[in-house]
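Be aware that the sequence shown starts at 2, since it is given in the working numbering, and climbs by one per residue.
All C-beta atoms in this analysis are idealised placements derived from N, C-alpha and C, irrespective of residue type, glycine included.
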Amino acid sequence: MAYLYLLVAIVAEVIATSALKASEGFTRVGPVALVVAGYGIAFYMLSLTLRTIPVGIAYAMWSGLGIVLISIASRVMFGQKLDAPAILGMALIIAGVLVMNLWSKSSAH
């Protein structure tokens with residue numbers, strides 16, 4: 002269940018961050034409500050995750066996968082273009098998360 006909680010935390014954070022951009026400096030009520038709800042859900046679900054997964058591992062996964070997903074969402078929603086170094090960097094982040102989960106004994110719970 003811990004990884005499901007973490008996945009929900011990541012998705013909620015991506016939604017909240019996307020809404021933060023759409024809020025135009027907290028001037029649009031709908032996106033602001035999504036920001037507050039999204040971050041609330043994200044932190045609550047992350048707290049549930051931390052019952053089982055070590056904080057360093059959970060946070061690395063949350064932030065790493067969040068970076069990749071928010072970059073994809075930004076491309077789709079706001080037209081943000083990614084150049085080759087940005088894509089390479091995100092590929093390295095994904096590789097790092099995979100290495101941690103597949104081979105690190107630190108991620109064992």
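What's the gap between the Cα of Ala85 and the Cα of Ala13?
Rounded to the nearest angstrom, the two C-alpha atoms are 27 Å apart.
Quick check on Tyr4: buried or exposed, where buried means 16 or more other Cβ atoms within 10 Å of its Cβ?
Exposed, by the Cβ-count rule.
Given that a residue counts as buried once 16 or more other Cβ atoms are within 10 Å of its Cβ, and exposed if not, what is Val36?
So Val36 ends up on the buried side.
Do we get a CB-CB distance below 7 Å when we pair Leu47 with the residues of chain D?
The chain labelled as chain D is not found in the depicted structure, where only one protein chain is given.
Beta carbon of Gly67, beta carbon of Ile11: below 7 Å?
Yes, these two residues count as a Cβ contact at 7 Å.
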